[in-house]
Amino acid sequence: DIPPQFAHQQLTEIHTPADTDVLSGRGNFVNYHPGNLLFRELVQKHKLNYVACPKPQKSGFAEMIVSELRGQGARFLARNESTKLWHDIGDKKALMKTRQALREG
């Protein structure tokens with residue numbers, strides 16, 4: 110589920126997310142994390158074109174945003190509440206998160 114170019118990155122048992130990482134979850138820590146700010150900025154940048162385009166083209170916007178962020182070294186992380194460690198959620202969930210943000214944004 111993770112593209113091969115990210116094989117060198119730690120994808121599980123992450124103690125501290127990097128500034129480039131996009132975090133899943135709620136609260137100020139997630140909302141104001143630098144990677145999430147960039148994520149929302151990219152969503153807003155593409156929002157008008159996303160809304161205006163035909164439905165078959167909409168998925169391309171999420172793919173473009175996830176690809177751009179991954180290309181900058183971002184991981185899409187979720188926190189395991191029992192261990193308090195972070196792990197990459199994979200591209201499928203990252204795309205779902207991005208589509209949701211484009212719809213709501």
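Last residue of the sequence shown: number 214 in the numbering used here, and the count goes up by one each step with no gaps. Backbone N, C-alpha and C define an ideal beta-carbon position, used for all residues, glycine too. Keep in mind it's a predicted model, so treat the numbers as computed, not measured.
Counting only the Cα atoms, Leu178 lies some 12 Å from Pro143. Ranked by how close their Cα comes to the Cα of Met173, the residues Arg208, Pro126, Lys193 have Arg208 in first place. Within the same chain, Leu186, Leu194, Trp195, His196 come within 7 Å of Ile123 by CB-CB distance, once the 5 residues on both sides are set aside.
For Ala171, same chain residues with a beta-carbon under 6 Å away, outside a window of 5 residues either side, are Leu204, Thr207, Arg208 in chain order. Take Asp128, set aside five residues on each side of it, and the residues of its chain with a beta-carbon closer than 8 Å to its own are His142, Pro143, Gly144, in chain order.
Each residue's CA atom was taken as its position, placing Ser133 and Arg188 some 8 Å apart.
Contact between Phe148 and Val160 is absent: CB atoms are separated by about 18 Å, not below the 8 Å threshold.
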